[in-house]
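So the sequence shown is residues 12 to 314, counted in the numbering used here. Glycine included, every Cβ here is placed at the ideal spot set by N, Cα and C. Just so it is clear, the structure is predicted and the values come from calculations on it, not from any experiment. Read through the structure below, which is laid out as structure tokens, and then see the notes.
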Amino acid sequence: MDPTSDLDRLAILAGRSWQVAELPGGLTNRNLRVTTDDGDPRLDVVVRCSSNDAGLLGIDRDAEHQNSRRAAEAGVGAPVVEYRPDLRMLVIGFLEGRALANADFADAGVLSRAAEACRRLHAGPRFVGDFDMFARQAAYRTTIREQGFRLPAGYDDHASAWEDVRRALAAAPRPTVPCNNDLLAANFLDDGARTWLIDYEYSGNNDACFELGNTSTECDFTPEQTEAWAEAYFGAPTRADLARVRVQALCSEYGWALWGFIQAASSPMDFDFYGWGMERFEKAARTFVDPGFRGLLDDVSRG
12 MDPTSDLDRL
22 AILAGRSWQV
32 AELPGGLTNR
42 NLRVTTDDGD
52 PRLDVVVRCS
62 SNDAGLLGID
72 RDAEHQNSRR
82 AAEAGVGAPV
92 VEYRPDLRML
102 VIGFLEGRAL
112 ANADFADAGV
122 LSRAAEACRR
132 LHAGPRFVGD
142 FDMFARQAAY
152 RTTIREQGFR
162 LPAGYDDHAS
172 AWEDVRRALA
182 AAPRPTVPCN
192 NDLLAANFLD
202 DGARTWLIDY
212 EYSGNNDACF
222 ELGNTSTECD
232 FTPEQTEAWA
242 EAYFGAPTRA
252 DLARVRVQAL
262 CSEYGWALWG
272 FIQAASSPMD
282 FDFYGWGMER
292 FEKAARTFVD
302 PGFRGLLDDV
312 SRG
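Right, dumping it as structure tokens:
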């Protein structure tokens, strides 16, 4: 179904004329920029039209709506204008700014603004729900088994090491904070003076180091960039801070790999989601067998 056919059912557009332009990005939704010039005030919004496969991927659209509002309260997200779950639409204000690419994080100014945006989010109102990658990984693994989706040979060989990671993080628990949990480069919008964070599909209260580790792996940071990223966020990160970011990056890789396998099987698109998942699994697998892996877990446990 063409989502533009339902735009006139939105309260903010009732009786008005508008123009629509599709924005790039969006894997589990389509993002439409809708503008009007037929009245006061002039509207400039983004209508997020979600797909109907959210259940397999563990997306809670009501929580996304509530957490988008709270991110806006924190001064880091777009204002929420209207929510229509019956139409699978969330309307947010359009933010001026450029979606970042991985290479942009080589700029110290960009890195600093992105870290400040994360700190603002993490200091903001608590989110609805928690995000636990161990629980999500288990749920995704169950979905793959029950649906008969393709899983690479060797994925489950790391179950014991995965449990070791869980124990190490639990040995030195940290308070959870409101996190986006999916901050790939395109979910940072930067206008040169300030950075905004968008897309709260997977948002929930979590360890701040997961946010940092997830971005480091999503954006293909080098070890040196990961250290600079932690410094931009913490100021003077401890050895335990750095280890925790690296271990949470591993959690992101091993857990989100399953997302790619599910997406590949359930929502065929012109993108190699299975290959995307394999890249993340292979990165995790290399870490699990790295000689320094146990020492990294020890640093986390002592943190």
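With at least 16 other beta carbons inside 10 angstroms of its own, Glu222 counts as buried.
Ser79 and Gly88 have their C-alpha atoms some 7 Å from each other.
Taking a 10 Å sphere around the C-beta of Gln30, we find fewer than 16 other C-beta atoms and assign the residue as exposed. Cβ atoms of Leu132 and Pro189 come within 8 Å of each other, at about 6 Å. Comparing alpha carbon positions, the residue from Asp283, Leu162, Arg255 and Leu111 closest to Arg313 is Arg255. DSSP, read as helix, strand or coil, puts Ile23 in helix. As computed with DSSP, Asn216 is found in a beta bridge with Asp141 and Pro189. Remark: C-beta atoms of Asp210 and Arg109 do not approach each other more closely than 7 Å. Scanning Arg291, Asp48 and Tyr94 for the CA closest to the CA of Glu229 turns up Arg291. Every alpha helix (DSSP H) of 4 residues or more that sits fully in the segment 265-308 is shown, in chain order, as 284-299.
Three or more Cβ pairs closer than 8 Å define a contact, and the segment 299-311 meets that threshold against the segment 166-182. Between Arg81 and Pro163, the CB-CB gap reaches or exceeds 7 Å.
In the structure shown, the three-state DSSP call for Phe199 is strand. Annotation for Ala197: Gly36 and Ala110 place their beta carbon closer than 6 Å to its own, counting only its chain and skipping 5 residues before and after.
The criterion of a C-beta distance shorter than 7 Å is not satisfied by Gly288 and Gly266.
By the neighbour-count criterion, in which 16 or more other beta carbons inside 10 Å mark a residue as buried, Arg147 falls on the buried side. For Tyr94, there is no enclosing alpha helix (DSSP H); the enclosing beta strand (DSSP E) has its first and last residue at Val91 to Arg95. Shown here, Arg161 sits in coil according to DSSP, grouped into three states, outside any helix or strand. According to the DSSP secondary-structure assignment, Asn40 is paired through a beta bridge with Ser61. Beta-bridge analysis with DSSP links Glu107 to no other residue. In this structure, Asn40 keeps its C-beta atom at 7 Å or more from the C-beta atom of Ser16.
With contacts defined as CB atoms closer than 7 Å, Thr154 and Ile273 qualify as a contacting pair.
Under the three-state reduction of DSSP output, Asp48 falls in the coil class, being neither helix nor strand.
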